[in-house]
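Numbering (our numbering), first residue to last: 1 to 489.
Glycine is no exception: its CB is placed at the ideal position from the N, C-alpha and C atoms.
Since this is a predicted model, take the numbers as computed values, not measurements.
What follows is a single structure, written as structure tokens, with notes after it.
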Ligand SMILES: Cc1ncc(COP(=O)(O)O)c(C=O)c1O
């Protein structure tokens, strides 16, 4: 008799073929959440730029994989062989998703985009005097890692939030001969604007530099292609986060030329990265293993690959069209709200993914976000979104104002922290989601919200008086976690 259950009763779910079918693919789409005053409302998720929900097919893929889960590459048992095959294939699938050439590129699984850029900055082998040209539009992840290693020059923003391409070219000329890297967002997380990376790649290559594209906000919204390495407009390095492409299981991917990673030492060393080690020497493995130190996140890599397969099956063009329709509808309705200030372009939205940032005159951004969450059951985000320089520029802050805020924040007071509210759509959002947002914003500007909101000085966040929801009915494991915490404290 067999002991235990080895195989799950499992039927392979059908691959979605249309954008409409993607709605059935969203884990947690139909949840209801508590709201101020009692009762529950269906949750509307408009925070996809931060992290998307999981595709159901990705979750099902992991359920099917978990009975076979095992560490990869050095195990000899069946499970390890299976897991290794799946994990290696996941690299190939993610490469295919971004048009990588398997004979030229390598796909390195890391934690997220932040780790991708840090790895690149560590691995670039900068010399004194080297310059990185980046832009004022970047997420801190595509700015701070470079600052640690090289002089960084930021191309300016135009008055509508777009990248000032002339300024970028000016910087390339000013620093001619010293620019090693041009680092640019494929889409910004503040305005959703997509700089013309192909054109920028050509300029970078003309200047003798490599181009790094932060595709964290782009990957789930637009087709990306590394391009032919012989074409001057090709992309050298691409960074992605799976949690922004419907696979929030802890993985990101860095794609770049194999030859680049064959050279030099890996940035992190330990298990997995070596072919052979003696008492005083180590000989490195080939990429990607050379760059994936320690036991890799096998589950995360498989999840990312499956999410990429779903996005490709539906087609990024179809997703782009759907999201462009949502964006146009949203801007049409939002621009009619009295006292709203929208950041970035409001008319020509063609080079923009579904990120909408705004403020309501007379309302702190954090108050608006709190009311949307607590009364409207709408998940958004507020603040400076890890892109402080860009946000402050869009807000038109002066250097003096910036310094005053810096002093206040460093003294523990975030109550006047500058910021915006951000609503961001994904492939599954609908016109109804936009309507719900717009309706709540009208209620806010008309001061028809019901709660009393108090601001916390240290975080700047607003909390509704008397709204203290219990989370464990929604996620019962929390009780278990709380018990463990008590036992260990
Ligand atoms: C444009 C952009 N780049 C980089 C990142 C960093 O991504 P991660 O937090 O997954 O490292 C983000 C995250 O919001 C982003 O929006």
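If residue 56 sits next to residue 190, beta carbons under 8 Å apart, how far is it from one beta carbon to the other, in whole angstroms?
-> Counting from one through the chain shown, the residue named residue 56 turns up at place 56. Counting from one through the chain shown, the residue named residue 190 turns up at place 190. About 30 Å separates the beta carbon of residue 56 from that of residue 190, a gap too long to meet the 8 Å contact definition.
Ordered along the chain, which non-local residues of its own chain (more than five positions away) have a Cβ less than 7 Å from that of residue 381?
-> Here residue 381 refers to the residue found at position 381 when the chain shown is read from its first residue. 47, 50, 369, 422, listed in sequence order.
Spatial neighbours of residue 60 in its chain, beta-carbon cut-off 7 Å, leaving aside the 5 residues before and after = For the purposes of this step, residue 60 is taken as the residue at position 60 of the chain shown. For residue 60, where only same-chain residues beyond five positions count, the Cβ hits under 7 Å are 13.
Hey, would you say residue 237 sits closer than 8 Å to residue 255, going by beta carbons?
-> Within the chain shown, residue 237 is the residue found at index 237, counting from 1. Within the chain shown, residue 255 is the residue found at index 255, counting from 1. Closer than 8 Å, so yes.
How about residue 514: is its Cβ closer than 7 Å to a heavy atom in ligand 1?
-> Outside the displayed span of the chain (1 to 489) sits residue 514, for which this structure offers no information.
Look at the alpha carbon of residue 1 and the alpha carbon of residue 68, and state the distance between them as a whole number of angstroms.
-> Counted from its first residue, the chain shown places residue 1 at position 1. Counted from its first residue, the chain shown places residue 68 at position 68. Any reading at residue 1 must be qualified, since the residue scores a pLDDT of 45, below 50, and its modelled position is unreliable; the value itself is stated next. Residue 1 and residue 68 have their C-alpha atoms some 21 Å from each other.
Buried or exposed: which applies to residue 396, given that a residue is buried once 16 or more other Cβ atoms fall within 10 Å of its Cβ?
-> Here the question's residue 396 lines up with position 396 in the chain shown. The residue in question, residue 396, is exposed, as its Cβ has fewer than 16 Cβ neighbours within 10 Å.
Taking the CB atoms as reference points, tell me whether residue 304 and residue 242 lie closer together than 8 Å.
-> Position 304 of the chain shown, counted from the first residue, corresponds to residue 304. Position 242 of the chain shown, counted from the first residue, corresponds to residue 242. Taking C-beta atoms as the reference points, residue 304 and residue 242 count as a pair closer than 8 Å.
With respect to the alpha helix (DSSP H) encompassing residue 431, which residues constitute its N-terminal and C-terminal limits?
-> Numbered from its first residue, the chain shown carries residue 431 at position 431. Unbroken alpha helix (DSSP H) run through residue 431: 431 to 445.
In three-state DSSP terms, what is residue 1?
-> By 1-based counting over the chain shown, the position of residue 1 is 1. The pLDDT assigned to residue 1 is 45, lower than 50, so where the model puts this residue is not dependable; a value taken from the coordinates is nonetheless given after this. DSSP, read as helix, strand or coil, puts residue 1 in coil.
Counted within 10 angstroms of its Cβ, other Cβ atoms place residue 477 as buried (16 or more) or exposed = As a position in the chain shown, residue 477 is number 477, starting the count at 1. So residue 477 ends up on the exposed side.
Figure out for me which residue from 216, 258, 235, 226 has the closest Cα to the Cα of residue 247.
-> Your numbering for residue 247 matches position 247 in the chain shown. The option with the nearest alpha carbon to residue 247 is 216.
DSSP-derived helix/strand/coil call for residue 359 = Stepping through the chain shown from its first residue, residue 359 is reached at position 359. Residue 359 falls in the strand class under three-state DSSP.
Hey, would you say the C-beta of residue 455 is under 7 Å away from at least one heavy atom of ligand 1?
-> Working through the chain shown from its first residue, we reach residue 455 at position 455. Residue 455 Cβ: outside cutoff for every heavy atom of ligand 1.
Own chain, CB closer than 7 Å to residue 36, minus 5 neighbours either side, in chain order | One-based indexing of the chain shown puts residue 36 at position 36. Excluding sequence neighbours, residue 36 sits near 374, 375, 450, 451, 464, 467.
Report the residue ranges of all beta strand (DSSP E) runs contained in full by the segment 368 to 419; include only those spanning at least 3 residues, in chain order.
-> Taking only runs of at least 3 residues, the beta strand (DSSP E) segments lying wholly in the segment 368 to 419 are 381 to 383.
Looking at the structure shown, is residue 214 part of a helix, part of a strand, or coil, going by DSSP?
-> Walking along the chain shown from the start, residue 214 turns up at place 214. Note: residue 214 maps to strand in three-state DSSP.
Residues bridged to residue 307 by DSSP?
-> As a working note, residue 307 is residue 307 in the chain shown. The partner list for residue 307 (beta bridge, DSSP) is empty, contrary to what the question assumes.
Spatial distance of residue 27 from residue 327 (CA atoms) | Counting from one through the chain shown, the residue named residue 27 turns up at place 27. Counting from one through the chain shown, the residue named residue 327 turns up at place 327. Cα to Cα, residue 27 sits roughly 23 Å from residue 327.
Locate the beta strand (DSSP E) running through residue 108, then write down its first and last residues.
-> Position 108 of the chain shown holds residue 108. Residues 105 to 110.
Considering only C-alpha positions, which residue in the set 234, 214, 269 is nearest to residue 244?
-> Counting from 1 along the chain shown, the entry for residue 244 is found at position 244. Comparing Cα positions, the closest option is 214.
Under three-state DSSP, which class holds residue 268?
-> By one-based count along the chain shown, residue 268 stands at place 268. Coil at residue 268, not helix or strand.
heavy atom of ligand 1 below 7 Å from residue 386 C-beta = Sequence index remark: in the chain shown, residue 386 carries index 386 (1-based). Yes - ligand 1 has a heavy atom lying nearer than 7 Å to the Cβ of residue 386.
Buried or exposed (CB count within 10 angstroms, at least 16 for buried), residue 431 = In the chain shown, residue 431 corresponds to position 431, counting from 1. Exposed.
Give a single yes or no on whether residue 228 has its beta carbon closer than 7 Å to a heavy atom of ligand 1.
-> As a first step, residue 228 is located in the chain shown; it is residue number 228 there, counting from the start. Within the chosen limit of 7 Å, ligand 1 does not reach the beta carbon of residue 228 with any heavy atom.
Who pairs with residue 134 in a beta bridge, going by DSSP?
-> Mapped onto the chain shown, residue 134 falls at position 134. According to DSSP, residue pairing for residue 134 in a beta bridge involves 154.
Hey, could you find the ends of the beta strand (DSSP E) residue 459 is sitting in?
-> Taking the chain shown and counting its residues from 1, one reaches residue 459 at position 459. No residue range can be given for residue 459, since it is assigned to no beta strand (DSSP E) and is classified by DSSP as neither H nor E.
Proximity test, residue 221 beta-carbon vs ligand 1 heavy atom, cut-off 7 Å = Along the chain shown, one-based indexing puts residue 221 at 221. Not so, every heavy atom of ligand 1 lies at least 7 Å from the Cβ.
Which full runs of the beta strand (DSSP E) of 3+ residues lie inside the segment 229 to 253, going along the chain?
-> DSSP runs (the beta strand (DSSP E)) wholly in the segment 229 to 253: 237 to 241.
Coarse secondary structure for residue 262, derived from DSSP in three states | In the chain shown, the residue the question calls residue 262 occupies position 262. It is helical.
Run the proximity test for residue 114: is its beta-carbon closer than 7 Å to any non-hydrogen atom belonging to ligand 1?
-> The residue labelled residue 114 in the question sits at position 114 within the chain shown. The beta carbon of residue 114 sits closer than 7 Å to at least one heavy atom of ligand 1.
State whether the segment 169 to 189 contacts the segment 138 to 145, with contact taken as three or more CB pairs (one from each stretch) at a distance under 8 Å.
-> With the rule of 3 Cβ pairs closer than 8 Å, the segment 169 to 189 counts as touching the segment 138 to 145.
Once you ignore the five residues that flank residue 441 on each side, which residues in its own chain have a CB closer than 6 Å to its CB?
-> By one-based count along the chain shown, residue 441 stands at place 441. Answer for residue 441: 337, listed in chain order.
Identify whether residue 200 lies in helix, strand or coil by the three-state DSSP scheme.
-> The residue given as residue 200 occupies position 200 in the chain shown. Looking at residue 200 - three-state DSSP - the assignment turns out to be helix.
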